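Working notes, structure below.
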Amino acid sequence: MLDRDRMLAAIDDAYARRAAGDKAGLASSWAPGATFQLVGDAALLAAVPIGPAGAAEAVEQLIDMIRFHAFERLNAVVEGNQAAVRWRITASVLGGEPVESELFDLWTFDDQYRA
């Protein structure tokens, strides 16, 4: 069984790399065949790669489009090899003004703590 604290540390590390724009470092977070998908109102996500798509490629596109200025993990539920995490972020889209929002992620990990 995977360790809860190591799973959350892997997620926190992925978010820190994402906020820093570290695409190469973030790529080490993804297991072979990992996928990424955004869910929400399609009208609000028109210019955003929503997937499902390869995790590395989709997240690299998001890094180019949406800059994270700040992020805070609000809470998380971990069961088995899965984690559900709620975040508060401050981000800007394509150089626009920063706005605060909340995100919700669902993660599934392999035995090497890669999503």
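The numbering of the sequence shown is the numbering used here, which starts it at 211 and goes up by one. Virtual Cβ for every residue (Gly too), placed ideally from N, Cα, C. Computed from a prediction, not measured in an experiment: that's the story for all the values here.
Here Ala224 is buried: its Cβ has 16 or more other Cβ atoms, across all protein chains shown, within 10 Å. About 18 Å separates the Cβ atoms of Ala219 and Ala237, ruling out a contact at the 8 Å cut-off. Of the other Cβ atoms in all chains shown, 16 or more fall within 10 Å of the Cβ of Val269; this residue is therefore buried. Exclusion of the five residues before and after Pro308 leaves His279, Thr300, Ser302 as the residues of its chain whose Cβ lies within less than 6 Å of its Cβ.
Relative to Asp315, the option among Leu304, Arg277, Gln292, Gly305 whose CA is nearest is Gln292.
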